[in-house]
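One structure is given here, and the rest of the page talks about it.
Numbering (the working numbering), first residue to last: 81 to 412.
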């Protein structure tokens, strides 16, 4: 399930085809495993879904406009980048939002009835696991090394946190999604807190943030968990002024990417964290300190992995394809 043009979906579809699957309606040679690429943004606008219950009979049908799919036959679902229900034909903004909410609620109900495996999980699973307060607490329970962390919108918490860190404090968003400033897309990156920030701490009351001491890094890690398989890519941004504090600036001319061999215990802990947050996939961000300690930062329930495959050479798309086809039971 993903929006059109999703490069990650294209890579996994290619891996599925290599395993003998065929894309429904594409002209592929018919194989034993049909694959449907559908975006929930087509619902309710151009797709129709029916859930009906009569006596002991239950029907769950998806009509894409070109074919009808019996949803009860679905064995695995990958929520890659679903765009969300759209009712574009409804002109009034308020009524359109109402129609899209009804569609989202219906989808949640229908998906809950599918006897299928989900990657990373159903929408509610993703939202719960993605919450930084929730998954950080889980990481601590599992024994990860975690920086002293405060989530707050209380201005009185800023100076004590700054002093506890020895003047080396960073602030992060609790939800790192993009937003708009003056109509333009914007993203807030990890910010090193200065004394100047302390003088305007009253602004903190308007929006909660995450406060953590700055952790010295040898390299950063993006760890991808697919079922029980764990892939780690190291990111060395030490030569990039732009990406040194937050590699999401993607200053690729100055940042080095490569595979990283996790200690077995850390790898097991990563897989267990993903499972215990209710997911089958997640992207974890860790730091390796100059002393060799592995420090957990956060879990992204549907985090990006394309650069892990393209720039670090790790076969994530094949692992996802294997999981979708057989739960990954035949992967090495």
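We put the CB at the ideal spot given by N, CA and C, even for glycine.
Sub-7 Å separation of residue i and residue j beta-carbons
i	j	result
residue 154	residue 194	yes
residue 317	residue 342	no
residue 162	residue 359	no
residue 270	residue 297	no
residue 353	residue 207	no
residue 241	residue 278	no
residue 385	residue 254	no
residue 288	residue 211	no
residue 282	residue 235	yes
residue 227	residue 293	yes
residue 301	residue 340	yes
residue 338	residue 392	yes
residue 167	residue 306	no
residue 128	residue 150	no
Anticipated Cβ contact below 8 Å, residue i with residue j, distance rounded
i	j	result
residue 95	residue 397	5 Å
residue 105	residue 146	6 Å
residue 308	residue 268	34 Å between Cβ atoms; not a contact.
residue 157	residue 204	No, residue 157 and residue 204 are not in contact; Cβ-Cβ is about 14 Å, not under 8 Å.
residue 225	residue 373	6 Å
residue 284	residue 238	6 Å
residue 160	residue 82	4 Å
Alpha carbon of residue i to alpha carbon of residue j, nearest angstrom
i	j	result
residue 178	residue 190	19 Å
residue 299	residue 262	35 Å
residue 216	residue 335	27 Å
residue 124	residue 116	18 Å
residue 364	residue 295	16 Å
residue 136	residue 349	44 Å
residue 310	residue 403	13 Å
residue 346	residue 219	11 Å
residue 112	residue 174	45 Å
residue 412	residue 229	With a pLDDT of 41 at residue 412, under the threshold of 50, the predicted position of this residue should be treated as unreliable, though the coordinate-derived value follows. Looking at the two C-alpha atoms, the distance is approximately 37 Å.
residue 89	residue 375	31 Å
residue 366	residue 86	26 Å
residue 141	residue 126	14 Å
residue 119	residue 356	28 Å
residue 244	residue 361	35 Å
residue 388	residue 213	26 Å
residue 103	residue 186	26 Å
residue 107	residue 114	12 Å
residue 84	residue 121	10 Å
residue 333	residue 176	44 Å
residue 280	residue 344	45 Å
residue 139	residue 395	38 Å
residue 148	residue 231	47 Å
Local Cβ density within 10 Å of residue i, reported as buried at 16 or more and exposed below that
i	result
residue 182	exposed
residue 133	exposed
residue 98	exposed
residue 247	exposed
residue 180	buried
residue 275	exposed
residue 314	buried
residue 192	exposed
residue 130	exposed
residue 91	buried
residue 109	exposed
residue 100	exposed
residue 272	exposed
residue 202	buried
residue 209	buried
Any beta strand (DSSP E) of 3 or more consecutive residues that is wholly inside the segment 145–170: For the segment 145–170, whole beta strand (DSSP E) runs of length 3 or above, ordered along the chain, are 148–150 and 156–158.
Which parts of the segment 250–300 are runs of the beta strand (DSSP E), unbroken and 3 residues or longer, counting only runs that do not cross its ends? Counting only runs of 3 or more, we get 259–261, 264–266, 271–273 and 289–293.
Sequence ranges, beta strand (DSSP E) only - wholly within the segment 336–364, length at least 3: Listed in chain order, the complete beta strand (DSSP E) runs (minimum 3 residues) inside the segment 336–364 are 336–339.
Every unbroken alpha helix (DSSP H) inside the segment 213–254 [4 residues or more]: Annotation note: the segment 213–254 contains the following uninterrupted alpha helix (DSSP H) runs of length 4 or greater, listed N- to C-terminal: 238–244.
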